[in-house]
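Trainee: What follows is a single structure, and I will ask about it in a moment.
4 protein chains.
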Amino acid sequence: MSVSKLKVGCAGLGRMGKRHALNFLERTPRAELVAASSPDDAELEWAKAHLAPYGVKLYKNYDDMLKHEGLQAVVVASATAVHADQAIKAINADKDVLCEKPLSTSPEISQTVVDAAAKKPHLKVMCGFSRRFDTSYRDAYNKMQTGFIGSPSVMRSQTCDKLDPTGFFVAYAQFSGGIFVDCSIHDIDLALWFFGQDSKVKSVSAVGITAVEPDLRKHNDRDNAIGLVEFYNGKIAYFYASRMMAAGQEDTTEIIGTKGKLAVNTQPSLNHVHIYDNSGIRREIPQHYYDRFEYAFVTESNEFTACCLDNKELPLKLEAAVQAVRIGAALQEALITGKKIFFDEAGNRSEQAKL
Amino acid sequence: MSVSKLKVGCAGLGRMGKRHALNFLERTPRAELVAASSPDDAELEWAKAHLAPYGVKLYKNYDDMLKHEGLQAVVVASATAVHADQAIKAINADKDVLCEKPLSTSPEISQTVVDAAAKKPHLKVMCGFSRRFDTSYRDAYNKMQTGFIGSPSVMRSQTCDKLDPTGFFVAYAQFSGGIFVDCSIHDIDLALWFFGQDSKVKSVSAVGITAVEPDLRKHNDRDNAIGLVEFYNGKIAYFYASRMMAAGQEDTTEIIGTKGKLAVNTQPSLNHVHIYDNSGIRREIPQHYYDRFEYAFVTESNEFTACCLDNKELPLKLEAAVQAVRIGAALQEALITGKKIFFDEAGNRSEQAKL
Amino acid sequence: MSVSKLKVGCAGLGRMGKRHALNFLERTPRAELVAASSPDDAELEWAKAHLAPYGVKLYKNYDDMLKHEGLQAVVVASATAVHADQAIKAINADKDVLCEKPLSTSPEISQTVVDAAAKKPHLKVMCGFSRRFDTSYRDAYNKMQTGFIGSPSVMRSQTCDKLDPTGFFVAYAQFSGGIFVDCSIHDIDLALWFFGQDSKVKSVSAVGITAVEPDLRKHNDRDNAIGLVEFYNGKIAYFYASRMMAAGQEDTTEIIGTKGKLAVNTQPSLNHVHIYDNSGIRREIPQHYYDRFEYAFVTESNEFTACCLDNKELPLKLEAAVQAVRIGAALQEALITGKKIFFDEAGNRSEQAKL
Amino acid sequence: MSVSKLKVGCAGLGRMGKRHALNFLERTPRAELVAASSPDDAELEWAKAHLAPYGVKLYKNYDDMLKHEGLQAVVVASATAVHADQAIKAINADKDVLCEKPLSTSPEISQTVVDAAAKKPHLKVMCGFSRRFDTSYRDAYNKMQTGFIGSPSVMRSQTCDKLDPTGFFVAYAQFSGGIFVDCSIHDIDLALWFFGQDSKVKSVSAVGITAVEPDLRKHNDRDNAIGLVEFYNGKIAYFYASRMMAAGQEDTTEIIGTKGKLAVNTQPSLNHVHIYDNSGIRREIPQHYYDRFEYAFVTESNEFTACCLDNKELPLKLEAAVQAVRIGAALQEALITGKKIFFDEAGNRSEQAKL
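And the structure:
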């Protein structure tokens, strides 16, 4: 008796690509990583050492990888700029797709992936919002679903990176879509998840500063930004994104309901160790988002695989990724123009606040 | 050898008045509570039992109390509506004044108190922002002053009350000035304290909902509101105020600097007890702001007394109270109109965002 | 109408004496500190500056103070060696007595105070175990009393001082009775409080080391010691005392019952501040026991005063202080001899474990 | 190019056997689970569904499994009573061995495994003390190794299980060796790890009660026990083991050094969620040890595999397992007899405390 595994190819072998490739190779029992592609020679060298010995075929060209014999699914973990293009090509080649977030920094381009997927309803196409797979967020969501906090009404959520003194984020800002699209997209997705995917935005406003990286202004970005989002269903959310945390990654969320509150990671910790010295009692915290969400990514690859093999419904809809980008882009516009932006219930811009 | 004490009168014997009266009677060694006034018979009854036996003279009429022989200072702890009037009368009668916050819900009326005090520079006139006297806030402030967190850049602060199912807050909203003036005023004051009292507002925006008390809308108020304040010195603050916390009072502040962060009360606790049962590990938290800030009020009465007796500088300027009301009122307007409000550097309204 | 206050004299003006004197002077509204005594000139100088201006009469001789006109109660806060003697003299002079712990490092001498008090049942005589007046311990005790944790069965309690590199504790060990009598006495008292004052000891055993102060061995003492106490009512307690904490004072207690657990101070904190920097997230903790228990001492002076004035039952019996010293001295003996010590149900030494 | 994997067989498919089998099957990339054995039909049924489809050969007889073609290593995860026998057979069959703890409840039988392994120095034979593979314990150990806490001097460690009202532990006590051998063995192993594997015991003493399961006395066991261990190197450790925690599994360790302290799990938590309701703020905690140590077991299987394949030194010596059982058995004897037990430096019983 034999057990069939999902044959997966990984597009892109950069920071996240390597992680996805290894997760599918080693930590996704029902998947078999059969192929990987990267246009980058250094990345391919890494793959020769770490993937090829386990039978993974390497491709310099993504299109060639798509033709790999028996390939069933593709993980798109390349540069954001090619996410949508590669995802659409994979869809057209009849592959299931797990695409790193965001589909695109543009809501319109993001939508083209949804449109392509709509034509192939038998395929599993998912944009990987890692927090949806995190045990803590899921625990909070499940508790909310029981009615425990009454009606969820206010969300506070932040994605705050450790200060990287190398200035990496300045260069990165050219392509990231801005701090609300790059960071807060996770928080926005959480708001849509917890408040209901059909929550319609009424207004967005935002402020931001460049406290440590004035050069971010060249790319219409900020290193600290706060955004307010008002929904037509009587719910409100506020988001804080930052690039200058001293202690490490601080991704925190509170869901405040009419009868209670659920807080995720308001007391960050790396592990179970407390350190007592003459400065007091302290704990260390994760330094980067992957330290915090490593197992969420493993769960993601396993659940995606199970959905493909067993033809089960994906845990989140592809449309969610477009909604989140749309709100993130509006917040970024509000941040840069200083204007509050209003929407009517159909989602179109409106001149005035609807009271 | 004898030690002279500050002779104090307390105006108003409601919830806060009683506390102030007892604090000056029993917990302020250098002060002597000599008089108290209230127009309310029930309050006077209470005072007959609790204050009179210790030699405190009671007055039904505030103006009469002001003429009490030897009276040196007045604590104004009456209804907000008469704060300014009583404070000005006391100033004019040459008394030192400790006035409960806010001076008034109107910035203009608040300013009249400042104007009156300006004519009597020898008097000590202070508006009591209790958090300025709290050991935790002071510890955070002192640590910030050492440069420990670099340049303070972002403040998150919230004043969140326990849900009071009696609907008390609906009636109260008629006079409170709204949730930003009533609750967030403390957070606004903290922002001015930590960012510098001369911080000038560039814009304010706000959103709010009535999740548990729809009737608040009658009084142009909300039960949950979030406000954004942008300052001309490149700092930003965001405030959350709520009337619907399930666990108790949650007054939390984070001051985020370019090199570190200071958090006050992100892990609220009533005392040092942890309770382990089959629901997990839990701690109780203060139910009301006085549970949290009781000792801050005691410190306030003691420090005010010392400043009067020793002719020392007060720990906060009276002007601070006007600034805070001005920002609170603008946030409340932004909340109700849905509009983002802009200011020029002189503090006047402006039509457009200054980029 | 006048209110009568308890006229109190303070014996001893050393570290704790000063605190008690000031607490009765300034923070005990129903008491009036009328006298204080110390054989030490430096202490009397301090008193001239801080007590005399408020009408406190100073005495170099304790016996003279006892004759102070109208004196009603005495706080014995002198050196431990004279606690019992001074307490007995005060009792014989018909004064209410609040005596610092321990009555004596000797159980026999401690008992003489109880015997003296027994002859004057109209007097209030109390040994001040500060934790009995701490809000957290009281909260835990009250929760236990409701049956919340079922039957309390196991206690872990520790009294751990911050490392004092001056070697103070070596000199102090000559008179302290040893670490179990000096420090663990509080934990032992807690065990008797929570398990029932009539709990009878079945066995004690102990181990200890001198990790930082080898010279303590000269005085038959240790800088770290752990003791086990077994009671005849099927309950057990274990105590840890240390002189070498790096972060500060760590006085922690857990009461483990058949249905739940109550923990006091398992997460010590000085205040509500958390500090985020590149070493992680940290909080400071109290450095000395008075930082931790300051308000317990204030409550103690107020409750003692109320019991005297209103002829109410004291919150703890004087016998409790003898019981605690007896167990502490047995633990200290077990520590030094290395032997496990057994008792029969009458409290007499026994050669063998009773199984 | 091909990558060779370690061919592993799993002996025993009970609660822990299933976990080990799946860990080697799915979460140990460099291992290949090729065989599994169990005398129990129900366990074999489970294996038919969960292991056989992936090519795992099933055996009813352990000896037959040992002859499986190409088998390189055996995981002994059967009943404790057969651990030693199966381990020795595997050693004699020239297999690497990972044996669940304890090797045996008897120190003498445990030693026979060490003796067998000593004759086959080329084999990797390890007893799996899971905490040695836990990231928090490793972090604490590494911090200690840097000298951060000075000289480690005192250890407090506890293994406390959630109350299991089914009475399971009464039946289990027949075979477990008692609470100190079954539970505290982990804490004892930690003491030897942190204090040095060559730490020699000077004395042990213990007390215990049956607070919830009086029937444990039939099997010479207790449901709550506290043990003291004194070492000749001037270090002391105290252990608490319990079967009656209300909130869940509470395995906590503190390592107290002359300059600082490291605490592991003094604030247990299941995940990053805090729950706010009208009872306060609470977090849930792991319910069973596997919830807490799941990833430690995965690390264990991966590291054992790497040591076998790469001929690297195992992270802990087999002798450690005998030392721990020896101390555990002495504590259990002290618990039951009520006697303090002394050892000379050679490890032999001694009548008197050596001072």
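Residue numbers (UniProt numbering), protein chains in the order written: chain A, 1 to 355; chain B, 1 to 355; chain C, 1 to 355; chain D, 1 to 355. We put the beta carbon where it would ideally sit given N, CA and C, even for glycine.
Check aspartate 115/A in the structure and name its three-state DSSP category.
Mentor: On the first sequence, position 115 is the one that residue 115/A refers to. Helix.
Trainee: Excluding five sequence neighbours on each side, which residues of the same chain lie with their C-beta closer than 8 Å to the C-beta of leucine 25/B?
Mentor: For the purposes of this step, residue 25/B is taken as the residue at position 25 of the second sequence. Excluding sequence neighbours, leucine 25/B sits near Leu33, Leu51, Tyr54 and Val56.
Trainee: Of all Cβ atoms in chain D, is any one closer than 8 Å to the Cβ of leucine 190/A?
Mentor: What you label residue 190/A is simply residue 190 of the first sequence in a count that begins at 1. Leucine 190/A does not count as touching chain D.
Trainee: Report the residue from Ala116/D, Lys120/D, Val207/D and Ala21/D whose alpha carbon sits nearest the alpha carbon of alanine 77/D.
Mentor: Locating residue 77/D in the fourth sequence gives position 77, where the first residue counts as 1. Measuring from the Cα of alanine 77/D, the nearest candidate turns out to be Ala21/D.
Trainee: Is the number of C-beta pairs between the region 157 to 177 of chain B and the region 341 to 355 of chain B that are closer than 8 Å three or more?
Mentor: no
Trainee: Can you tell which of Lys200/D, Ala246/D, Lys340/D and Asn220/D has its C-alpha closest to the C-alpha of alanine 320/D?
Mentor: What you label residue 320/D is simply residue 320 of the fourth sequence in a count that begins at 1. Nearest of Lys200/D, Ala246/D, Lys340/D and Asn220/D to alanine 320/D, Cα basis: Lys200/D.
Trainee: Using DSSP with H/G/I as helix, E/B as strand and the rest coil, what is histidine 274/C?
Mentor: What you label residue 274/C is simply residue 274 of the third sequence in a count that begins at 1. In this structure, histidine 274/C counts as strand in the three-state DSSP scheme.
Trainee: Quick one: which chain D residues come within Cβ less than 7 Å of methionine 244/C?
Mentor: What you label residue 244/C is simply residue 244 of the third sequence in a count that begins at 1. Within chain D, the residues near methionine 244/C are Thr258.
Trainee: Can you give, in chain order, each stretch of the beta strand (DSSP E) that sits fully within the region 175 to 215 of chain A and has at least 3 residues?
Mentor: 201 to 209
Trainee: Quick check on the DSSP output: the alpha helix (DSSP H) that includes tyrosine 232/B runs from which residue to which?
Mentor: Within the second sequence, numbered from 1, the residue matching residue 232/B stands at position 232. Per DSSP, tyrosine 232/B belongs to no alpha helix (DSSP H) and is neither H nor E.
Trainee: Please list, in chain order, the chain D residues whose beta carbon lies closer than 8 Å to that of asparagine 61/A.
Mentor: Reading the first sequence from its first residue, position 61 is the one you call residue 61/A. Chain D residues near asparagine 61/A: none, gap ~22 Å exceeds 8 Å.
Trainee: Considering just the uninterrupted stretch of the beta strand (DSSP E) at arginine 156/C, what are its terminal residues?
Mentor: Position 156 of the third sequence holds residue 156/C. Run containing arginine 156/C: 152 to 162, per the beta strand (DSSP E) assignment.
Trainee: Report the three-state DSSP secondary structure of lysine 89/D (helix, strand or coil).
Mentor: Residue 89/D sits at position 89 when you count from the first residue of the fourth sequence. For lysine 89/D, the secondary structure class from DSSP, reduced to helix, strand or coil, is helix.
Trainee: Which first and last residues belong to the alpha helix (DSSP H) in which alanine 140/C is found?
Mentor: As a working note, residue 140/C is residue 140 in the third sequence. From DSSP, the alpha helix (DSSP H) with alanine 140/C extends over 135 to 145.
Trainee: In the region 21 to 60 of chain B, which residue ranges form an unbroken beta strand (DSSP E) of at least 3 residues, counting only runs that do not cross its ends?
Mentor: 31 to 37 and 57 to 59
Trainee: Pick from Tyr59/D, Pro268/D, Ala31/D and Glu303/D: whose alpha carbon is nearest that of alanine 42/D?
Mentor: Taking the first residue of the fourth sequence as position 1, residue 42/D is located at position 42. For alanine 42/D, the nearest C-alpha among the options comes from Tyr59/D.
Trainee: Could you give the DSSP three-state label for leucine 331/C: helix, strand or coil?
Mentor: By 1-based counting over the third sequence, the position of residue 331/C is 331. Note: leucine 331/C maps to helix in three-state DSSP.
Trainee: I need the DSSP call for isoleucine 109/B, collapsed to helix, strand or coil.
Mentor: Taking the second sequence and counting its residues from 1, one reaches residue 109/B at position 109. Three-state DSSP puts isoleucine 109/B in a helix.
Trainee: Mapping the DSSP letters down to three states, classify methionine 1/A as helix, strand or coil.
Mentor: On the first sequence, position 1 is the one that residue 1/A refers to. Caution is warranted here: a pLDDT of 44 is assigned to methionine 1/A, below 50, making its placement in the model unreliable, and no coordinate value can be reported.
Trainee: Let me make sure I understand the geometry here. Which of Gly14/C, Asp134/C, Gly17/C and Ala330/C has the alpha-carbon closest to that of glycine 177/C?
Mentor: On the third sequence, residue 177/C is found 177 positions in, with the first residue counted as 1. Proximity to glycine 177/C across Gly14/C, Asp134/C, Gly17/C and Ala330/C peaks at Ala330/C, based on C-alpha coordinates.
Trainee: How would you label histidine 83/D, buried or exposed, when you count the other beta carbons within 10 angstroms and need 16 or more for buried?
Mentor: Counting from 1 along the fourth sequence, the entry for residue 83/D is found at position 83. Under this definition histidine 83/D is a buried residue.
Trainee: Name the chain B residues that come within less than 8 Å of valine 273/C, Cβ to Cβ?
Mentor: Here residue 273/C corresponds to residue number 273 of the third sequence, with the count starting at 1. Those within 8 Å of valine 273/C in chain B are Ser136, Asp139, Ala140, Lys143, Leu262, Ala263 and Val264.
Trainee: Between the alpha carbons of methionine 244/B and glutamate 284/A, how many angstroms are there, rounded?
Mentor: Here residue 244/B refers to the residue found at position 244 of the second sequence. Here residue 284/A refers to the residue found at position 284 of the first sequence. Cα to Cα, the separation comes out at about 33 Å.
Trainee: The ligand FAD heavy atoms versus the CB of lysine 317/B: any closer than 7 Å?
Mentor: The ligand FAD is not part of the structure shown, which contains no ligands of any sort.
Trainee: Assess contact between the region 231 to 240 of chain D and the region 224 to 232 of chain A, defined as three or more Cβ pairs (one per stretch) separated by less than 8 Å. Is contact present?
Mentor: no
Trainee: Quick check on arginine 349/B: does DSSP put it in helix, strand or coil?
Mentor: Locating residue 349/B in the second sequence gives position 349, counting from the first residue. Note: arginine 349/B maps to strand in three-state DSSP.
Trainee: Taking glutamate 300/A as part of the alpha helix (DSSP H), name the residues at either end of that continuous run.
Mentor: Residue numbering aside, residue 300/A sits at position 300 when the first sequence is read from its first letter. Unbroken alpha helix (DSSP H) run through glutamate 300/A: 289 to 310.
Trainee: Can you tell me whether DSSP reads glycine 338/B as helix, strand or coil?
Mentor: In the second sequence, residue 338/B corresponds to position 338, counting from 1. If DSSP states are grouped into helix, strand and coil, glycine 338/B belongs with coil.
Trainee: Inspect the beta-carbon positions of valine 260/D and isoleucine 149/D and report whether they are closer than 8 Å.
Mentor: As a position in the fourth sequence, residue 260/D is number 260, starting the count at 1. As a position in the fourth sequence, residue 149/D is number 149, starting the count at 1. According to the sequence shown, residue 260/D is glycine rather than valine. Closer than 8 Å, so yes.
Trainee: In chain A, which residues lie less than 7 Å from aspartate 277/C when you measure between Cβ atoms?
Mentor: Counting from one through the third sequence, the residue named residue 277/C turns up at place 277. Correct list: Ala246 and Ala247.
Trainee: Using a Cβ-Cβ distance cut-off of 8 Å, determine whether glycine 280/C contacts chain A.
Mentor: In the third sequence, residue 280/C corresponds to position 280, counting from 1. Answer yes: the Cβ-Cβ gap between glycine 280/C and chain A drops below 8 Å somewhere.
Trainee: Would you report the Cα separation of glycine 328/A and phenylalanine 180/A, rounded to the nearest angstrom?
Mentor: On the first sequence, position 328 is the one that residue 328/A refers to. On the first sequence, position 180 is the one that residue 180/A refers to. Taking the straight line from one Cα to the other gives about 5 Å.
Trainee: Is DSSP giving arginine 217/B helix, strand or coil here?
Mentor: For the purposes of this step, residue 217/B is taken as residue 217 along the second sequence, with counting starting at 1. Three-state DSSP puts arginine 217/B in a helix.
Trainee: Give me the chain A residues within the contact set of leucine 228/B, using Cβ-Cβ distance strictly less than 7 Å, ordered along the chain.
Mentor: Counting from one through the second sequence, the residue named residue 228/B turns up at place 228. Chain A residues near leucine 228/B: Ser205, Val207, Ile226 and Leu228.
Trainee: Bridge partners for glycine 257/A per DSSP, in chain order?
Mentor: Locating residue 257/A in the first sequence gives position 257, where the first residue counts as 1. Partner residues in the beta bridge of glycine 257/A, as assigned by DSSP, are Pro152/A.
Trainee: For serine 110/B and methionine 65/B, which I take to be in contact (beta-carbon distance under 8 Å), what is that distance rounded to the nearest angstrom?
Mentor: The residue labelled residue 110/B in the question sits at position 110 within the second sequence. The residue labelled residue 65/B in the question sits at position 65 within the second sequence. About 23 Å; that fails the 8 Å criterion.
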